[in-house]
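Here the structure is laid out as structure tokens; the discussion comes afterwards.
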Amino acid sequence: MTTETEYDVIVLGAGPTGENLADRTRAAGLSTVVVESELVGGECSYWACMPSKALLRPGAALAAARALAGSREAVTGGLDARAVLARRDSFASHWKDDGQVGWLDGIGAVLVRGQGRLAGPRRVEVSTPDGELLVLTARHAVAVCTGTRAVLPEVPGLAEAEPWTSREATSARTVPASLLVVGGGVVAVEMAAAWQSLGSRVTLLVRGQGLLPRTEPFAGELVADGLRAAGVDVRFGVEVARVDRSGGEVRVELTDGSTLNAEELLYATGRAPRTDDLGLSSVGLTDGDWLAVDDTCAVRGVEGGWLFAAGDVNHRALLTHQGKYQGRIAGAAIAALAQGRPLDTADWGAHVATADRAAVPQVVFTEPEVAAVGLSAEQAERAGHRTEVVDYDLGSVAGASLQADGYTGRARMVVDQDRRVLLGVTFVGPGAGELLQAATVAITGEVPIERLWHAVPAYPTVSEIWLRLLETYRDSGRSE
Ligand SMILES: Cc1cc2nc3c(=O)[nH]c(=O)nc-3n(C[C@H](O)[C@H](O)[C@H](O)COP(=O)(O)OP(=O)(O)OC[C@H]3O[C@@H](n4cnc5c(N)ncnc54)[C@H](O)[C@@H]3O)c2cc1C
Ligand SMILES: NC(=O)c1ccc[n+]([C@@H]2O[C@H](COP(=O)([O-])OP(=O)(O)OC[C@H]3O[C@@H](n4cnc5c(N)ncnc54)[C@H](O)[C@@H]3O)[C@@H](O)[C@H]2O)c1
């Protein structure tokens with residue numbers, strides 16, 4: 000049976016991005032239907048941010064207790080893996096979406112379950128789980144918020160060996176005795192840290208020479224030190240030639256001819272857009288591509304300005320908070336267009352995701368944490384800025400030495416010498432994530448260095464790093 004219905008806005012995908020976009024279009028009074036093929040809440044809620052952070056936090060708390068004379072003595076054992084996994088299950092809402100369905104209902108959006116596909120301009124076909132075909136048409140806009148999935152490279156035997164991807168790494172119900180992790184990005188380092196803390200013997204296989212390639216090099220170095228100190232076997236410059244699983248164990252052959260065996264193998268080698276079965280060719284785009292958008296999140300190359308893409312699927316910044324930000328921006332832009340109001344598209348305007356280009360914050364929840372926003376020194380130089388790079392040992396700030404005995408960390412700020420504002424800030428150290436928002440405000444607010452001196456950090460907090468960085472900058476002779 001085919002049913003046809005018309006709405007102002009159709010949102011494909013109910014991850015954090017789709018939810019935020021729908022929230023804005025509903026707030027503007029536009030009728031909005033959200034199509035979801037799996038769980039309302041998306042990857043983030045069930046197989047990414049929430050369960051991964053729930054797996055990591057107990058290990059970090061234990062490390063924090065062990066880092067202090069007096070509390071160290073009270074730690075008499077390792078983590079209770081069963082309790083950690085049970086807590087993780089509750090943070091993943093036991094892989095049920097009733098709570099988030101209730102929220103969608105509360106904002107007055109209509110939920111349709113099924114796989115949505117574009118079928119020409121402003122038209123979407125949904126194959127529902129009970130075999131029906133729904134045809135939805137949009138008076139104003141269709142917003143694609145379908146996210147990404149993990150990619151597996153072409154390695155002989157890999158697919159047959161059924162490796163873990165981020166989904167299994169965040170939802171596994173038992174702790175494997177041993178785990179090989181392939182990759183050097185965020186998923187690889189976080190999941191290596193989590194499963195090692197839960198009792199797995201983890202080996203991290205990195206094909207390059209460093210971790211976290213998009214951050215300051217010292218961040219990857221300190222994370223590698225932290226992983227090794229926790230017991231992870233970190234190996235650089237290694238590549239997998241073939242994989243096979245027999246008798247329960249996975250056997251990995253490296254290109255140098257050596258072999259490794261483990262109970263499980265996790266591939267954390269990046270993401271692909273969920274656009275291969277989305278009907279993109281019906282609107283002149285290529286199936287399987289990332290969706291290139293302008294700063295309002297309107298898809299480039301589609302006439303009429305009705306197609307938007309926000310979140311992971313547009314490849315601007317694969318992070319939940321940036322997806323939500325884009326959802327808010329695109330939702331506001333769609334509402335303005337529907338109501339015949341002009342768009343505010345000047346940098347930092349209400350209808351443009353300027354922060355995607357200038358100030359994307361990210362925290363990597365390893366021990367130590369990496370917290371970075373804006374440009375790294377190398378990215379700033381490549382972008383043609385005249386910069387001064389200011390480094391400081393985070394451990395020598397009084398507040399940090401109170402936080403942990405032998406606190407190890409480092410901070411960097413990258414200053415735009417022409418405009419005397421910050422382009423990027425990176426903090427690496429235990430608990431460094433909570434330092435990040437001040438840096439994000441300084442960069443997005445384009446706060447001049449001279450004014451930052453008046454933002455006095457409380458004593459004795461780790462935030463005194465701001466004062467130390469400013470003093471170092473002043474004493475380098477580049478500032479009074
Ligand atoms: C292990 C891991 C940990 C992470 N940790 C963090 C973190 O700590 N912080 C952070 O900021 N980011 C983190 N991320 C990234 C974060 O998960 C993503 O940036 C975020 O989920 C993107 O949100 P989204 O709404 O764009 O896409 P998704 O969350 O992927 O949601 C897309 C939704 O669309 C649905 N869908 C897809 N195709 C269709 C279709 N054709 N029809 C209907 N529905 C469809 C999907 O089922 C899904 O529900 C992590 C990622 C991973 C893998
Ligand atoms: N805390 C967080 O904010 C958080 C946590 C997890 C994921 N995420 C986001 O999710 C996204 C996906 O993360 P990811 O780690 O899967 O991807 P990524 O792109 O960050 O890292 C992929 C890594 O795999 C390596 N690689 C690629 N192909 C390979 C191959 N064939 N063999 C060996 N190594 C290979 C790359 O060199 C890179 O080091 C990222 O953009 C990240 O920002 C964020």
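In numbering that gives the first Met the number 0, the protein residues as written are 0 to 479. By construction, the Cβ of each residue, glycine as well, lies at the ideal position given by its N, Cα and C atoms. Nothing here was measured: the structure is a model prediction, and the numbers come from that model.
For leucine 435, the closest of Val372, Gly398, Thr386 by C-alpha to C-alpha distance is Val372. For leucine 135, the uninterrupted beta strand (DSSP E) run begins and ends at 132-143, by DSSP.
Residues Asn260 of the same chain have their beta carbon placed closer than 6 Å to that of glutamate 248, with the five preceding and five following residues left out of the count. For arginine 450, the enclosing alpha helix (DSSP H) has its first and last residue at 448-451. For alanine 297, the CB contacts under 6 Å within the same chain, skipping 5 residues up- and downstream, are Gly304, Phe307 in chain order.
At a Cβ-Cβ threshold of 8 Å, alanine 376 and tyrosine 391 do not count as neighbours. Secondary structure note for proline 360: its beta strand (DSSP E) is the uninterrupted segment 360-363. Looking at Val446, Pro155, Leu133, Ala193, the one whose alpha-carbon comes closest to that of glutamate 35 is Leu133. Excluding five sequence positions before and after alanine 349, the CB atoms of its chain that fall closer than 7 Å to its own CB belong to Ala331, Asp343, given in chain order. DSSP places valine 301 outside any alpha helix (DSSP H), giving it a letter other than H or E. Segment contact: the stretch 6-16 against the stretch 32-50, three or more CB-CB distances shorter than 8 Å; contact assigned. Less than 8 Å separates the beta-carbon of glycine 236 from that of glutamine 208. Distances from the CA of leucine 317 to each of Leu336, Asp104, Arg213 were compared; the closest alpha carbon is that of Arg213.
At least one heavy atom of ligand 2 falls within 7 Å of the beta-carbon of arginine 206. Contact between valine 180 and leucine 265 holds: CB atoms are separated by about 5 Å, below the 8 Å threshold. Counting the other Cβ atoms within 10 Å of the Cβ of aspartate 417 gives fewer than 16, which makes it exposed.
Taken in chain order, the complete beta strand (DSSP E) segments of 3 or more residues contained in the stretch 233-287 are 239-245, 248-253, 258-261, 263-266, 270-272. Sixteen is the threshold: when 16 or more other Cβ atoms of the shown chains lie within 10 Å of the Cβ of glutamine 99, as they do, the residue is buried. Per DSSP, the continuous beta strand (DSSP E) segment holding threonine 425 begins and ends at 420-428. Classified as exposed, lysine 95 has fewer than 16 neighbouring CB atoms from the shown chains inside 10 Å of its CB.
Here tyrosine 406 carries a coil assignment [DSSP, helix/strand/coil]. Note: isoleucine 9 is bridge-paired with Val32, Val141 in the DSSP secondary-structure output. With a cutoff of 8 Å on beta-carbon distance, glycine 184 and leucine 211 are scored as near each other. Distances from the CB of threonine 147 to the heavy atoms of ligand 1 include at least one below 7 Å. Placement of the Cβ of glutamine 416 at a distance of 7 Å or more from every heavy atom of ligand 2 is found. Taken atom to atom, the span from the alpha-carbon of alanine 158 to that of valine 125 is near 29 Å.
Per DSSP, the beta bridge partners of alanine 371 are Gln361, Thr425.
Residue side-chain check: arginine 273 places its Cβ nearer than 7 Å to a non-hydrogen atom of ligand 1. Not one heavy atom of ligand 2 lies closer than 7 Å to the C-beta of proline 360.
Secondary structure note for glutamate 463: it is in no alpha helix (DSSP H), with a DSSP letter that is neither H nor E. Note on geometry: alpha-carbon atoms of valine 413 and valine 363 lie some 20 Å from one another.
For glutamine 114, the CB falls within less than 7 Å of some heavy atom of ligand 1.
The DSSP-derived three-state label of threonine 214 is coil. Apart from sequence neighbours up to five positions away, the residues of its chain that approach alanine 118 with a beta-carbon distance below 8 Å are Glu124, Val134, Gly278, Ser281, ordered along the chain. Rounded to the nearest whole angstrom, the C-alpha separation of arginine 241 and aspartate 288 is 28 Å.
Rounded to the nearest angstrom, the gap between the Cα atoms of threonine 202 and leucine 151 is 18 Å.
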